[in-house]
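Each remark here refers to the structure printed beneath this line.
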Amino acid sequence: VQPYVGDTMPYYEDGTYYIYYLKDGGDSYNHSVYLATTSDFLSYKEFPEPVLEASRNGGQDSWIGTGSLVKFNNKYLFFYTGHADSSVSGYKEKIMIAEGDTPFSFTKKAGWSITPPSELNQKNDFRDPQAYYDEKSNKIILTVTASKNNAARILKYSLTPDLTEINYEGIIFTD
């Protein structure tokens, strides 16, 4: 089976571009996250094993959706969409996180997730987290796409770097 690549999630550090992507088919299980690196966009090194694999036991991240990587205090935090293959948790999509000591392998943080705020009045469309570290506020800023009344929204969150405080700051864009 020919695998398909989608939803690239770039990260740059020390002259290397890390291009994370979802792979559908081939040796990938339910959109697991794979990695290719480059320093010049002419030659690439592709890593054959997933850096983050969808859960084979079902649950909230039976499928993995788009995310992003941020580094803080020499720890890599990979925010991603956990897409349930059933309504096991009541939410079709949640924002989840995996941590790594390197940008090549991540371990899921059990019990940690962000759910859609109740004001959206939906539990299905909550995905594509984009994270960056804001030195001025010492916070991780996270935007998430979601829908309300079938219209696209971008939501803003701020998180403490230790991930213990998650503050929902509202809708910052509507289309």
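When you line the sequence shown up against this note's numbering, it's residues 433 to 607, in that order. Each residue gets a CB set at the ideal place from its N, CA and C atoms; glycine is no exception. Just so we're clear, the structure is a prediction, and the values are computed from it rather than from any experiment.
- Taking T469 as reference, the option from E445, D459, D456, Q492 with the minimal CA-CA separation is E445.
- In its chain, beyond the 5 residues on either side, S590, L591, T592 have a beta carbon closer than 7 Å to the beta carbon of K571.
- Each residue's CA atom was taken as its position, placing F479 and R559 some 25 Å apart.
- In this structure, Y466 sits away from A486, with a CB-CB distance that is not shorter than 8 Å.
- A530 and G543 have their C-alpha atoms some 11 Å from each other.
- T539 is the residue among F473, T539, N582 whose C-alpha sits nearest the C-alpha of F510.
- The C-beta separation of M528 from D493 comes to about 6 Å, placing the pair in contact by the 8 Å criterion.
- Of the residues assessed, G497 falls on the buried side of the cut-off, its CB having 16 or more other CB atoms within 10 angstroms.
- Between P549 and Y600 the beta-carbon gap is near 5 Å, inside 8 Å, which marks them as a contact.
- Counting other Cβ atoms within 10 Å of its Cβ, L454 reaches 16 or more and is therefore classed as buried.
- Excluding the 5 residues flanking it on each side, A583 has same chain C-beta neighbours closer than 8 Å at T606, D607, in chain order.
- Secondary structure at L595: coil, using DSSP grouped into helix, strand and coil.
- Its Cα nearest to that of G522, the residue G491 stands out among Y452, G491, F473, G532.
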